[in-house]
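Working notes, structure below.
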Amino acid sequence: MRKLCPLMGPKMSAFCMVMSVWGVIFLGLLGVFFYIQAVTLFPDLHFAEESKEGGHAGPTVELEVTTLLMQDFRKYPIFSESEYGLVKNLDRPHYYLYERALLFHCDYPALDGLQILEVGCGQGYGLEWIKRAHPEIKGIQGVDQFAIPGTSVIFGDAHHMPFENNRFDLVLNVESSHLYQHCEKFFRECSRVLKKGGHLCWIDLRFEREVAETRKQALRAGLVEQRWDDVTDNVLQGIHRTSARYDQILRKTPLLVRLFGSSLRATYCAPGTYTYARFVKREKGYYAAIWENSYILQSS
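Take the sequence shown: its position 249, counting from 1, is numbered 249 in UniProt numbering, and each next residue is one higher.
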């Protein structure tokens, strides 16, 4: 402090140090307040990032809000006309991502008798959605590092799944794998827990430079690609709709929250933000894929 304030006496230097400490504390409390306000005002945003070990652990928003218009699901019989009205106005457009990922499966929309695993399922909202939309499945299990006792989610991570070999017919991974430290380990674990001929249904974002390597990683893990689609244009349509709703909410928030408006708008990829520009410029894309497992391992 003396070096920074050479003209100050000892008392003034001590005062500056105390004020600096209180300043740090104030900023920390302000950050906590801002975080709570954001979670309260934008409940459909999941403030949970996959850690390097494949679990949820941080305040980065998953881009789940970007795909409301990805698919017109009225043409699929899983929704009646009355249900479609409800689905269309869901507070969590994230559910559309699940249907978009499952769409590639050869039996969709009737997933009769399938045993399903969702990796990186968070609190399990997607699991509940699938149970409701696809009651014909045999069962569904979730794995996440932040498992909640008494739910269908058990503790584990994407690199070391706590399941025996050849157990599942279908593995589902939605907006999660881009945050894993070792994505190829995740693909190998999918191959291990899948039955031979089982499928990995996947939807996620990638930088353009990462696409080729992601596809190679899956192949090296014994997963044969059946289809890969770029759904970025559909995502951008969804962004326009959802961001307009969030912008409207943001305009009604207290001034203290609005001071951080630019950062908040970036979290939901609103037009005009750098996160939105990455998709428009195709620096980053949104992709949906399905792989078939070609390996069979001895049961553990």
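We treat Cβ as the ideally placed atom computed from N, Cα and C, and that holds for glycine.
Taking the beta carbon of residue i as the centre, do at least 16 other beta carbons fall within 10 Å, making it buried, or is it exposed?
| i | result |
| --- | --- |
| residue 199 | buried |
| residue 265 | buried |
| residue 121 | buried |
| residue 269 | buried |
| residue 96 | buried |
| residue 333 | Residue 333 lies beyond the range of the chain shown here (1 to 300); nothing can be said about it. |
| residue 208 | exposed |
| residue 238 | buried |
| residue 160 | exposed |
| residue 284 | buried |
| residue 248 | exposed |
| residue 113 | exposed |
| residue 192 | buried |
| residue 106 | exposed |
| residue 256 | exposed |
| residue 259 | exposed |
| residue 233 | exposed |
| residue 197 | exposed |
| residue 222 | buried |
| residue 133 | buried |
Since residue i and residue j are thought to touch, with beta carbons under 8 angstroms apart, how far apart are those beta carbons, to the nearest angstrom?
| i | j | result |
| --- | --- | --- |
| residue 218 | residue 187 | 5 angstroms |
| residue 286 | residue 224 | Not quite, the Cβ-Cβ distance comes to about 22 angstroms (not below 8 angstroms), so this is no contact. |
| residue 123 | residue 148 | 6 angstroms |
| residue 184 | residue 220 | 6 angstroms |
Can you grab the Cα-Cα spacing for the pair residue i / residue j, in whole Å?
| i | j | result |
| --- | --- | --- |
| residue 136 | residue 272 | 43 angstroms |
| residue 171 | residue 190 | 7 angstroms |
| residue 178 | residue 227 | 19 angstroms |
| residue 108 | residue 101 | 10 angstroms |
| residue 211 | residue 275 | 18 angstroms |
| residue 145 | residue 156 | 5 angstroms |
| residue 250 | residue 111 | 40 angstroms |
| residue 235 | residue 278 | 12 angstroms |
| residue 204 | residue 252 | 32 angstroms |
| residue 267 | residue 282 | 18 angstroms |
| residue 262 | residue 240 | 16 angstroms |
| residue 302 | residue 294 | As shown, the chain starts at 1 and ends at 300. That puts residue 302 outside it, with no answer to give. |
| residue 103 | residue 229 | 11 angstroms |
| residue 254 | residue 246 | 14 angstroms |
| residue 173 | residue 243 | 24 angstroms |
What three-state label does DSSP hand residue i in the structure shown?
| i | result |
| --- | --- |
| residue 111 | coil |
| residue 95 | helix |
| residue 51 | Residue placement at residue 51 cannot be trusted, given a pLDDT of 39 that sits under 50; what the coordinates show is reported in the next sentence. Coil. |
| residue 64 | For residue 64, the pLDDT reaches just 34, beneath the cut-off of 50, and the residue's location in the model is therefore unreliable, although a value from the coordinates is still provided. Residue state, collapsed to three classes: helix. |
| residue 266 | helix |
| residue 201 | strand |
| residue 260 | coil |
| residue 145 | coil |
| residue 137 | coil |
| residue 160 | strand |
| residue 103 | coil |
| residue 293 | strand |
| residue 285 | strand |
| residue 248 | helix |
| residue 210 | helix |
| residue 307 | Residue 307 lies beyond the stretch modelled for the chain, which goes from 1 to 300, so this question has no answer here. |
Can you check which of these residues, the options, is closest to residue i by C-alpha distance?
| i | options | result |
| --- | --- | --- |
| residue 194 | 166, 207, 113 | 166 |
| residue 158 | 152, 127, 250, 142 | 142 |
| residue 301 | 263, 162, 214, 233 | Because the chain is modelled from 1 through 300, residue 301 falls outside the range shown and cannot be assessed. |
| residue 98 | 240, 148, 119 | 119 |
| residue 175 | 156, 126, 293, 149 | 126 |
| residue 115 | 258, 123, 104, 130 | 130 |
| residue 289 | 123, 202, 155, 124 | 202 |
| residue 216 | 241, 240, 291 | 291 |
| residue 162 | 204, 244, 117, 151 | 117 |
| residue 151 | 128, 235, 206, 293 | 128 |
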